[in-house]
Amino acid sequence: MRTRNLSRMFGVPALAAVPLLVGAVPAEAAPDGQSWDTIFTAARSGLCVGRIDPGIGYGGLANGAALFNFQATLWGVGDCRVTITADWRNTDNGRSGSVSQEITGPGYHHYGAEPRIYPGPGHITVTFTMDALSAPAPAHGEWLMPQLPGDGS
């Protein structure tokens, strides 16, 4: 007897419909010097689809740290889980790293991905990948990190 993966069977059509369903939701403008892709995703568990809006927080964090922020909504049935990974690189000083965050649902959640990152001042690019079907794949973002007190750069 063949078993079918319901997430794969329904995931592609459902993921294709998400932009139509949430297309009327106004997107917030990114601050100057920042650009972020909105990510539409299926989940690796449950029968779920969702939207993730990445961003970055800095200033007020010790030693010039920055923290990825993910505003995420997952719609569906069951225990919805998907992991987003941010691979970042400072194109001015060569620093780079990776941080992952598990997104759970259904529902809306705001996540600050730990650990904090220390990119130093400059132009930072980031590539986002998911452990489930997503669009765009991969997704991208970028920002200009200012010189912050205590960052030692």
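If you use mature numbering (1 follows the signal peptide of the UniProt record, and there is no 0), the sequence shown corresponds to residues -29 to -1, 1 to 124, in order. Quick reminder that beta carbons are idealized off the backbone N, C-alpha and C, glycines included. Quick caveat, the model's predicted, so the values are computed rather than measured.
Kindly give me the distance between the Cβ atoms of residue i and residue j, rounded to whole angstroms, as I take these residues to be in contact under 8 Å.
| i | j | result |
| --- | --- | --- |
| ARG52 | ARG22 | 15 Å between Cβ atoms; not a contact. |
| HIS94 | ASP58 | At roughly 15 Å, the Cβ-Cβ gap does not stay under 8 Å, so HIS94 and ASP58 are not in contact. |
| ALA33 | GLY121 | 7 Å |
| ARG66 | PRO92 | The pair is not a contact, with the Cβ atoms about 10 Å apart (cut-off 8 Å). |
Below 6 Å CB to CB, which residues in the same chain sit around residue i once its five sequence neighbours on both sides are set aside?
| i | result |
| --- | --- |
| ARG87 | ALA36, LEU38 |
| ALA84 | PHE39, VAL70, GLN72 |
| TYR29 | ALA37 |
| THR44 | GLY21, ARG22, TYR79 |
| THR54 | SER71, GLU73, ASP102 |
| SER105 | ILE10, THR12 |
| GLN42 | ASP24, HIS81 |
| PRO107 | ASP8 |
Starting from residue i, trace the beta strand (DSSP E) in both directions and tell me its first and last residue.
| i | result |
| --- | --- |
| ARG87 | 78 to 88 |
| ASN34 | Where ASN34 is concerned, there is no enclosing beta strand (DSSP E), given that its DSSP letter is neither H nor E. |
| ALA13 | 10 to 13 |
| ALA110 | 110 to 116 |
| GLY93 | 93 to 101 |
What does a CB cutoff of less than 7 Å around residue i pick up in its chain, not counting 5 residues either side in sequence?
| i | result |
| --- | --- |
| GLY26 | TRP7, ASN40 |
| TRP114 | GLY4, GLN5, ILE27, ILE95 |
| PRO109 | THR98, PHE99, THR100 |
| GLY68 | TRP59, ILE88 |
| PRO77 | CYS19, LEU45, TRP46, GLY47, CYS51 |
| LEU119 | TYR29, GLY30, GLY35 |
| PRO117 | PRO92 |
Does the beta carbon of residue i sit closer than 8 Å to a beta carbon anywhere in chain C?
| i | result |
| --- | --- |
| ALA33 | In the displayed structure, chain C is absent; only one protein chain is listed. |
With a CB to CB cut of under 8 Å and the five nearest residues on each side skipped, what residues in its chain are close to residue i?
| i | result |
| --- | --- |
| THR75 | LEU45, ASP50, CYS51, ARG52 |
Quick check for students: name the residue ranges of the beta strand (DSSP E) that lie wholly in the region 42 to 81, counting only runs of 3 or more. Listed in chain order, the complete beta strand (DSSP E) runs (minimum 3 residues) inside the region 42 to 81 are 67 to 76.
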